[in-house]
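There are 2 protein chains.
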Amino acid sequence: MRWSGLFIPTLREDPADAEAISHRLMLRGGFIRQLGAGIYSMLPLGFRVLRRVDAIVREEMERIGAQEFLLPALHPAELWKESGRWEEMGEAMFRLRDRKQAELCLGMTHEEVFTAIARDELRSYRQLPQIWYQIQTKFRDEARPKSGVLRGRQFTMKDSYSFDLDSAGADRSFDLHAEVYRRIFARCGLDVIEVEASSGAMGGSESVEFMAISDAGEDWVVTCSGCGYAANLEKAISAAAPIEDPEDTASPEKFATPGIHTIEELAQFPGGAPAERQIKTLAYVAEEALVLLLLRGDHELNEVKAIETLGTTNVRPGRPEEIREALGALPGSLGAVGVTQLPVYVDETLRGRRGMTTGANEDGFHLRHVDVERDLPSPRWADLRGAQAGDACSKCSKLLEVQKSIEVGHIFKLGVRYSESMGARVLDAAGKEVPIVMGSYGIGLERIMAAVIEAHHDKHGIRWPVSIAPFQVVVVSVNVKQAEQASRAEQIYDDLRKEGLDVLLDDRDERPGVKFKDADLVGIPYRVVLGPRALAKGNVELFERATSQTVEVSLDQIVAELKRRLG
Amino acid sequence: MRWSGLFIPTLREDPADAEAISHRLMLRGGFIRQLGAGIYSMLPLGFRVLRRVDAIVREEMERIGAQEFLLPALHPAELWKESGRWEEMGEAMFRLRDRKQAELCLGMTHEEVFTAIARDELRSYRQLPQIWYQIQTKFRDEARPKSGVLRGRQFTMKDSYSFDLDSAGADRSFDLHAEVYRRIFARCGLDVIEVEASSGAMGGSESVEFMAISDAGEDWVVTCSGCGYAANLEKAISAAAPIEDPEDTASPEKFATPGIHTIEELAQFPGGAPAERQIKTLAYVAEEALVLLLLRGDHELNEVKAIETLGTTNVRPGRPEEIREALGALPGSLGAVGVTQLPVYVDETLRGRRGMTTGANEDGFHLRHVDVERDLPSPRWADLRGAQAGDACSKCSKLLEVQKSIEVGHIFKLGVRYSESMGARVLDAAGKEVPIVMGSYGIGLERIMAAVIEAHHDKHGIRWPVSIAPFQVVVVSVNVKQAEQASRAEQIYDDLRKEGLDVLLDDRDERPGVKFKDADLVGIPYRVVLGPRALAKGNVELFERATSQTVEVSLDQIVAELKRRLG
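Chains A and B are the protein sequences, given in the same order. Convert by adding 120 to the 1-based position in the first sequence; the result is the number in the working numbering. Convert by adding 120 to the 1-based position in the second sequence; the result is the number in the working numbering.
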């Protein structure tokens, strides 16, 4: 292709509102344009990269015998009501009504639709296993769309679903996917780590996320260099640093704390207590009933663990008025001493604590000398605390590392969560009806693009890996008006195309600096430059974007050299 | 691929609710399944065909230098308000609100989004022409989704948009598309005719539809075998058969017609009049104002012409109560004699008519002896009549033919309708700012699939053209348990694959009749059969689906023979 015939609207300046590097470079390189919050158009160069990723995903999926479908984005509400997720998905699901006022939604994921097909079409264990997939557009109404295509409201996903007779089969399908995912990321030039993750709204027993470590990410992962433990912070377990309790056997004593509402304020307050000697009392509403969640003052609640503890995703922080009605005080002065009318969940790190300070359920007052096991009427012990930097690994005691990361893939063992609720059953070899054991597996294609840019760029622009670059080679003559340069460039362009390489000819009548800058920005792995000095020696310059190294190669060797390098 | 590893849920029986042949065969062959009204899942076999069509479209678009984009399905309402189509699209557009209550819609077409990109990025005539396209999912809330994927509410479309400096350039882009479309349909094995069409909600000056003649279609086309005139019935012009008027100079006379409400009833009524001597009076509401549309009793209103005549798409039939309020009578007794308070549009075929009968604007009464030009206060002459079978060609007077057809493509000259309303301008060579002249062009991919099936099938199933068949060849052994048959089949399968042919091995342990029936149903162009009789002679049977011809070919020639036939 010729640059002059391609629409590549590069920008000289960084766009004002783009923070993530990948977002900036995709805008500047003319890969994408924004249409609305979290909604992006793929321009020709962006689409070329997307197609490369798409092709790699498809090849790898076919290797494990996965069969490609294409399912609708528009789903009848009934299907989601069957699985029970119509309510559960909340505001993240785009919902609409058609002209007959029938309720529809836009598919965020396709467990329901694939399960419905399996239910209608699979009858016997002889038809199993099946792995079904699609590369399709998903819609999620993100609360905070940001970072360009990293967190969009519409995006392309490869989602696959496995259907097995039993757990052993489902485990095999899961393992096959883990292997395929490793190959896909490796082929895209992306280093990932695999972490234990929360299954969230997907349900099921076990899930693994594939994470690319990057400051542009929004997920935190916890890793242990000692034993290799790795988990999403949402799910991570860790050992809190041990704590010594004072010899405090006094009874709880109320004291005035006017204007004090936070852990930090009470830590500073004369007669208060350091954060680790306070009890943090959080009032949440689970399934419309108020509950208290207690943590040590220096710990944070992990909402995923709270959801697991409470056994429902229908959880929200309590509103001030409902809290005051139940406890007689507002947040900032809450405590669980003497509370018998509400369930009180207490984090394990509070077990055995004495001499603690907590709210007195009276605005402007706290209690000191609290002995957790003595003074709380009926504590329900739970794991509520989020892992945090400074925690030790619960397996090997080494200090854990906490890093930001981008989730590029997520694989789930679903068990029978959908096949039970939607009635997808087959007859086993003994003629007995059993629910199909399922798995579901997702990769975000635009996320891969962005994560690769986060990992492969420099101050001049993107450094695409050859495998997913929009073009492998760009041929540039320093001066297109100079006849020999132009005709040699055409010749090399033709020769490279005949060899099946994906090559772009920069035929624009622009200064060489502009052309080099654009090539660097859009990130083409190899640049062949025809300039007067090298040409006088019968050579061209070959520039490698990844290493910034330039070598001279003779005109008659350049095609062979590129073939060699591009494998 | 092996049949045993592919999910092809064929059905023995015709599904109850599928009328169109293509719909029945796509369901029976396991190509699609319905998810909701007008919403279909593509199963693996259907997706394979869709990908073939997709590849042909892409190759042909690239031939004319078109550049591939991928635009969002989710559009902010603002964009459609800018072009003025937010209201115009009415109930056909799916609308929704996001969690912040912002208005969005699902893209039915992408003039707005592409024009917005052109507006933001194109500055100079030097950047023109551009042809931009995508192959993407569209959403339309059809009033009557039917016939499977022929009229779905979600479907795949190749839509392209041309941007030129002037009309001459735009005409070239239009002609390029017409040529590309001819090649695409030819390569897909589809005979089409090109007809003049109404531009409808797209706007613009001229449009051509590509129609596949088929009883499964919902469009009527008018063709003239004399001069080659061809048009969509919505748009067609024709000459009504001439009519003789009686020597009737009497004044209008009211007469009682109790219980008479229709043209037919009045034609039967003693003292009534034949249909062609009646005036049909239709009350419509255009932009909230009542108007009367008058036609000869044996003619039908063409709503597209009505829209053009009234200059707005905001047109609906009047409701009984508003009609009675304006005219004093209900539909069935309406007329325009003496009506001065409403605009009265009169079809040209009523010019000069005398001795006509019409409603008296009094329930149960009509008027006879009406002289149109004498008795209507201020007629606005218009072309309102739909062409119909029996009309003559207005160009060459030959009798017109009217046939049902499927619209598989539609190309539009948009002029500056979008660039003016949305401000997409460039500087021309003289430095003057001019609006970009646009075109838009669409092909429905699933429609092509269905139209091809309508054109290529027999009582046993589909007869796919090789170019878009899910597989080119199926290799079947009569008995997979017979070792020589099975190993020969494997060998041929491997050899064909090595030659790059797209081949399916039916390795199922089923009766040969079942396997042949399935192969016929799903429509694979060539079937290689390994059975005991032919094998004894060192031969296989080669069956061609399109012709139902079988020949014996020697084992060592079968690969060469198939290569020859598959070109």
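Cβ atoms here follow ideal geometry from the backbone N, Cα and C, with glycine treated the same way. Fair warning: this is a prediction, and the values are worked out from it, not measured in the lab.
Could you check if residue 667 of chain A is buried or exposed, using at least 16 other CB atoms within 10 Å of its CB as the buried criterion?
-> exposed
Answer with yes or no whether the minimum CB distance from residue 218 of chain B to chain A is below 7 Å.
-> yes
So is residue 161 of chain A in contact with chain B if we call contact Cβ pairs under 7 Å?
-> Using beta-carbon distances, residue 161 of chain A counts as an interface residue toward chain B, with a partner under 7 Å.
Could you please give the first and the last residue of the uninterrupted alpha helix (DSSP H) stretch that includes residue 69 of chain B?
-> Outside the displayed range of chain B (121 to 687) lies residue 69 of chain B, so it cannot be described from this structure.
Can you name the residues that DSSP bridges to residue 431 of chain B?
-> For residue 431 of chain B, which the question treats as bridged, DSSP gives no partner whatsoever.
Within chain B, partners of residue 261 of chain A - CB distance below 7 Å | 218, 219
Please classify residue 166 of chain B: does DSSP put it in a helix, a strand, or coil?
-> helix
Would you say residue 507 of chain A and residue 356 of chain A are within 7 Å of each other, going by their C-beta atoms?
-> For the pair residue 507 of chain A and residue 356 of chain A, the CB atoms are nearer than the 7 Å cut-off.
Starting from the Cα of residue 677 of chain A, find the closest Cα among A:306, A:361, A:658, A:670 and give me that residue.
-> Nearest of A:306, A:361, A:658, A:670 to residue 677 of chain A, Cα basis: A:658.
In chain A, which residues lie with their C-beta within 7 Å of the C-beta of residue 636 of chain B?
-> Within chain A, not a single residue places a beta-carbon under 7 Å from that of residue 636 of chain B; the smallest gap is close to 21 Å.
When the cut-off is 7 Å and only beta carbons count, does residue 330 of chain A lie next to chain B?
-> no
Does DSSP put residue 508 of chain A in a helix, in a strand, or in coil?
-> coil
Kindly list, in the order they appear in chain B, the residues whose Cβ is closer than 7 Å to that of residue 576 of chain A.
-> Those do not exist, as residue 576 of chain A stays about 22 Å from chain B at its closest Cβ, beyond 7 Å.
Interface residues of chain B around residue 237 of chain A at Cβ under 7 Å?
-> 153, 161
Report yes if the CB atom of residue 685 of chain B is closer than 7 Å to the CB atom of residue 663 of chain B, and no otherwise.
-> no
Evaluate residue 501 of chain B with the Cβ neighbour count: other Cβ atoms within 10 Å of its Cβ, from every protein chain shown; 16 or more gives buried, anything less gives exposed.
-> exposed
Buried versus exposed, by CB contacts within 10 Å (16 or more), residue 229 of chain B = buried
Check whether the Cβ of residue 621 of chain B lies closer than 7 Å to any Cβ atom in chain A.
-> Not one chain A Cβ lies under 7 Å of residue 621 of chain B.
Residues near residue 195 of chain A in its chain [Cβ-Cβ closer than 8 Å; skip 5 each side] | A distance below 8 Å between beta-carbons, with the five flanking residues on each side excluded, links residue 195 of chain A to the following residues of its chain, in chain order: 224, 225, 226, 227, 232, 233.
Going by DSSP, which residues form a beta bridge with residue 373 of chain B?
-> B:488
Neighbour-count burial assignment, residue 469 of chain A, 16 or more Cβ in a 10 Å radius | buried
Determine the chain A residues that contact residue 290 of chain B at a beta-carbon separation under 8 Å, and present them in chain order.
-> The contacting residues do not exist; residue 290 of chain B stays about 18 Å from chain A at best.
Contact under 7 Å by Cβ, residue 487 of chain B with residue 374 of chain B = yes
If you drop the 5 nearest sequence neighbours on each side, which residues of the same chain put their C-beta closer than 8 Å to that of residue 177 of chain B?
-> 255, 278, 304, 563, 565
Are the Cβ atoms of residue 293 of chain B and residue 547 of chain B separated by less than 7 Å?
-> no
Which residues does DSSP pair with residue 256 of chain A in a beta bridge?
-> A:277
Does DSSP classify residue 400 of chain B as helix, strand or coil?
-> strand
Do residue 436 of chain B and residue 464 of chain B have their CB atoms nearer than 7 Å?
-> Cβ atoms of residue 436 of chain B and residue 464 of chain B: not closer than 7 Å.
CB-CB under 6 Å to residue 350 of chain A, same chain, minus the five flanking residues each way: which ones, in chain order?
-> 313, 315, 343
Report yes if the CB atom of residue 259 of chain B is closer than 7 Å to the CB atom of residue 214 of chain B, and no otherwise.
-> yes
Is residue 305 of chain A helix, strand or coil by DSSP?
-> helix
Residues of the region 189 to 203 of chain B whose Cβ lies closer than 9 Å to any Cβ of chain A, in chain order | Within the region 189 to 203 of chain B, the residues whose Cβ lies closer than 9 Å to some Cβ of chain A are 189, 190, 191, 192, 193, 194, 195, 196, 198, 199, listed in chain order.
Could you tell me whether the region 516 to 531 of chain B touches the region 327 to 334 of chain B, using the rule of 3 or more Cβ pairs below 8 Å?
-> yes
7 Å Cβ shell around residue 287 of chain A - same chain, five flanking residues per side excluded = 557
Under the three-state DSSP convention, the category residue 655 of chain B falls into | helix
Skipping 5 residues on each side, what residues in its chain have a beta carbon closer than 8 Å to that of residue 553 of chain A?
-> For residue 553 of chain A, the CB contacts under 8 Å within the same chain, skipping 5 residues up- and downstream, are 545, 546, 547 in chain order.
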